[in-house]
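Each remark here refers to the structure printed beneath this line.
Residue numbers (the working numbering), protein chains in the order written: chain S, 1 to 531; chain Y, 1001 to 1306.
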């Protein structure tokens, strides 16, 4: 009798232990993805790509959230509210009280001042100073002439004032970009340039804490129980570094990763979208981004506007969108893609007319056609190569004899920086929701050379400067619409192609995955759920 | 012997310096700017100019080379341009992964290659011989990236026996070790077979058989020891090769080893990291060859005497 009682007690204990253990295992909600590039650092001031860590480990004064597919809004982040002076030069941010960094320190105005001053400090060697170089005293700080930045002030423990040299309308949108993430002074300062090189040398206020980082293998973030918006539902977020797209696909199909980003392997789109199981698991959204071809006006024959117009007309963009990208997108005709503030749906369309293109080419002095080059990066996947091969065949009808010039990535970017790269194709997705992010990037006085356009147009440069400071919303919209027409139609300075949907495939257990508004492969996963 | 080893080690110093000169020269000849590459689409000429100056990239090539050499002689290989971390620690952190992979690949190659070679030699022109030699030919001929994908598809995606990629526990080593070791196994099997067949034709083997010995003692007691001499040499060189040449396997299976570091460094024009990785791998190959020579001398006293 005693023995049987002991047996029952033991059995119940084991059962209970089993249930508890199972509960403990079941409770761990892990979300695993693959990313195709190793982030060089978690210090967002030191990198211009790989923002998966910054978007989940840090917060910004203002956040840009996805409100609907391809749509976004600026909402309070670490600042609960902000004020802008009438002249548009002084921004005052009121910080959320009680926000804790991962090391337990409370966020203060001094942390914000330190973060931005650190970016401008020449000792930091930051790559993202562009987002702050219009702050009062920034240039002196960057050149080492000042020990601090005049335009950055902590008014009290929770109030920050940022003064700009001149009005700069995109400033608030920029404050929501990952580069503007806020650091803790007490944690960061002693680490110097070692900050962000390991998980232990990383500290933010965000929903996830960087726990482990094995270079070239994976990094793991765990839920921050003290996050000011509430603990995330996902316990652990693992990012595996996988450079080979085939391996990435197999990892997804074997269930080892929860999300497959089709941007890393566009050729897999038809496989996944037509697959009986995975077809139902695709999640897609428009991206505020644009595919384009460039014209280098410093290289013949594209110094002639008629030749540029002829090339624009010689490319059947609709056919490329249909056949190569399976119609997962829409044609774009301007500089601003759909979803961007001041997007102009009435922008004049670029027609496809190879006959007219041939005539224009003859008028430009090339009746027998003309030789030209399209530069390609050999290592960045076959989609650019295929698209350019299609373009090569299309424009041949109009008389363009295209040579595809394969280059390695380093040579490509070095030649481009010198303004000497022939035509190339690329895509650009918004860093922040403002036309300046597109116009100034490509057609600003320095960008136009460093990106090998060489569209040296004082008229355009003046309009770009005006656009940066125009505070009247309607007037600003009109200014960019006019500028768009000038650049794309009158000057024919680039060839817009299309904006493509960003397609992801998720495992059935993943819920509420939100396609980021701008279509990046880096996204916050705070809202995502795992069953 | 000690004199021989010391002499070989001293010879390797100019080899290492020569390698650094070649790498430095090549990376300076081909166009590329590490800072422009770091910034890619977010390029800003002002930032590039400022950061280049801060990283002393605008100094004359000769100054940069001797700065590197002076550091290397002190054991400091500098900091990676892209990763901002000390090159030495990056390599030393990655090396254990490469070592584990190479070790298991070598073990696989030996455990499979030597018995297959012996069996093929003993049963020459039989079905097992053709089968083993067919497989070894396949291993030698099939590109690693292709066999890797096949293995991943069959054993990870379809059968789900093993993980696709990564490097967490022993299960992650099985596929890459087999894929990497297959080619070496093929070479060892073919070499063991031909070497054993040659030895079996010697007079002393005929004498052993004439004494009435069974076939097994003849093979294992008399023939094998002599036939393995060239095989052991190749094995030692192969280990060095496996340690230095697992680049593709590491990429496909996502193993954070030295090979991947080297490839990333080339792509990023990361001179200090590439120099460090190449120096490290060259040293491994030199040491591998030295080990092969020493082993040979121990196994064959005639060489030692010479």
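We treat Cβ as the ideally placed atom computed from N, Cα and C, and that holds for glycine. Keep in mind that this is a model prediction, so the values were computed, not measured.
In chain order, 301, 302, 400, 401, 402, 403, 422, 423 place their CB closer than 8 Å to the CB of residue 372 of chain S, counting only its own chain and leaving out the 5 sequence neighbours on each side. Listed in chain order, the non-local C-beta contacts of residue 259 of chain S below 6 Å within the same chain comprise 33, 504, 506, local neighbours out to five positions each way being set aside.
Taking 8 Å as the threshold, the shortest C-beta distance from residue 1147 of chain Y to chain S does not fall below it. A Cβ-Cβ contact shorter than 8 Å links residue 178 of chain S with residue 55 of chain S. In the three-state DSSP reduction, residue 276 of chain S falls in the coil class, being neither helix nor strand. For chain Y, the residues of the region 201-220 of chain S that bring a beta carbon within less than 8 Å of one of its beta carbons are 214, 215, 216, 217, 218, in chain order. Between residue 1084 of chain Y and residue 193 of chain S a beta carbon distance of about 7 Å is seen, short of the 8 Å cut, so the two are scored as contacting.
Here the alpha carbon of residue 125 of chain S sits roughly 53 Å from the alpha carbon of residue 1136 of chain Y. The three-state reading of DSSP puts residue 426 of chain S in strand, counting E and B together. Counting only runs of at least 3 residues, the region 141-193 of chain S fully encloses the following beta strand (DSSP E) elements, listed from N- to C-terminal order: 152-156, 159-163. In the three-state DSSP reduction, residue 197 of chain S falls in the coil class, being neither helix nor strand. The Cβ atoms of residue 94 of chain S and residue 81 of chain S sit closer than 8 Å to each other.
Here residue 66 of chain S carries a strand assignment [DSSP, helix/strand/coil].
For residue 212 of chain S, the enclosing beta strand (DSSP E) covers residues 208-214. As DSSP reads the structure, residue 81 of chain S sits in a beta bridge with S:94. Rounded to the nearest whole angstrom, the CA to CA distance from residue 1009 of chain Y to residue 1018 of chain Y is 15 Å. Put simply, the CB of residue 1169 of chain Y is far from chain S, with every gap to its CB atoms at 8 Å or more. Around the C-beta of residue 440 of chain S, 16 or more other C-beta atoms lie within 10 Å, and the residue is accordingly described as buried. Of all residues in the region 128-156 of chain S, the ones placed with a Cβ closer than 9 Å to any Cβ belonging to chain Y are 128, 129, 130, 133, 142, 143, in chain order. The residues 60, 61, 62, in chain order, have a CB closer than 7 Å to that of residue 175 of chain S in the same chain once the five nearest residues on each side in sequence are set aside. In the structure shown, residue 291 of chain S falls within a strand segment according to DSSP collapsed to helix, strand and coil. Taking every protein chain shown into account, the CB of residue 1195 of chain Y has 16 or more other CB atoms within 10 angstroms, so this residue is buried.
If you compare the alpha carbons of Y:1132, Y:1111, Y:1108, Y:1267 with that of residue 1119 of chain Y, the shortest gap goes to Y:1132. Annotated three-state conformation of residue 529 of chain S is strand, per DSSP.
Taking 8 Å as the cut-off, the Cβ atoms of residue 131 of chain S and residue 525 of chain S do not count as close.
For residue 450 of chain S against residue 417 of chain S, the beta-carbon gap comes to about 5 Å, under 8 Å, which counts as contact. If you look at residue 1231 of chain Y, you'll find it in the alpha helix (DSSP H) that goes 1224-1244. Residue contact with chain Y for residue 405 of chain S: absent (no Cβ-Cβ distance below 8 Å to any residue of chain Y).
When Cβ-Cβ separations below 8 Å define contact, residue 494 of chain S makes no contact with chain Y.
Taking each of S:28, S:527, S:129, S:66 in turn and checking the Cα distance to residue 288 of chain S, the smallest one comes out for S:66. Within chain Y, the residues whose beta carbon sits less than 8 Å from that of residue 428 of chain S are 1041, listed in sequence order.
With respect to the 8 Å criterion, residue 340 of chain S and residue 498 of chain S are not classified as neighbours on the basis of their beta carbons. Taking 9 Å as the cut-off between beta carbons, the residues of the region 1120-1146 of chain Y near chain S are 1145, in sequence order. DSSP lists no bridge partner for residue 492 of chain S. Residues of the region 1070-1088 of chain Y with a Cβ closer than 7 Å to any Cβ of chain S, in chain order: 1082, 1083, 1084, 1085. Going by beta carbons, residue 70 of chain S and residue 338 of chain S fall inside the 8 Å limit.
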